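First the structure, in the form of structure tokens, and then the observations on it.
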Amino acid sequence: MVDIKQKISDYLATHYYLNLATVSPENRPMAHTMGYASDGEVVYLATSKSSRKVQNIMKNPAVAYTVDEDDPDWFDMQALQVEGKASMVEDEGKIREIGEVMIAKFPILAEMPPDPDYILIKVVPEVVHYLDYSIEFGYREKVLY
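0 is the number of the first residue of the sequence shown in numbering that gives the first Met the number 0; add one for each residue after it.
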């Protein structure tokens, strides 16, 4: 039987987009749809240094995100609901490593010129709710990291 943490890592590896929630300096929730790359349970997002999400994370690193299916069959729904901490990646070696992972997942990135305005965000999970309604309608398992 596959370990639940491995299921979460596998789910992240086989999906492309997440919906990131941050909190503005005015305490307003904001949602951002983003492509991502993952390394196990950790996700990485590339965005402009001047984006609202970066400004929000600099004030409050607590974030949440979901990854899910776009399927009308409720009884087959699978999803992740993640709560974690975000930080900016500053290590050049790690930036190159994750850049290669992102290009492998999104080949079109290889055609884009480097942009010095972009920054890499790392999100480390603290709590993940793994949903799998194919097991039972409403099935949700809580996993702590």
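Glycine is no exception: its CB is placed at the ideal position from the N, C-alpha and C atoms.
A quick note: this is a predicted structure, and the numbers were derived from the prediction, not measured.
For the pair V22 and D67, the Cα-to-Cα distance works out to about 21 Å. Per the DSSP secondary-structure output, M29 pairs in a beta bridge with T21. Taking the CA atoms as reference points, K104 sits about 8 Å from Y15. With a beta-carbon spacing of about 10 Å, V42 and L79 fall beyond the 8 Å limit used to define contacts. Per the Cβ contact rule, the stretch 104 to 119 is not in contact with the stretch 59 to 74 (fewer than 3 Cβ pairs under 8 Å). Of the residues R95, Q77, N55 and T65, the one whose Cα lies closest to the Cα of S86 is N55. Counting along the chain, the unbroken beta strand (DSSP E) around K141 starts and ends at R139 to L143. The shortest C-alpha to C-alpha distance from V53 to any of P106, V122 and K4 is the one to V122.
Its Cα nearest to that of S37, the residue I7 stands out among E140, I7, K58 and K48. Per DSSP, the continuous alpha helix (DSSP H) segment holding K58 begins and ends at R51 to K58. Per DSSP, S133 lies in no alpha helix (DSSP H) and is assigned neither H nor E.
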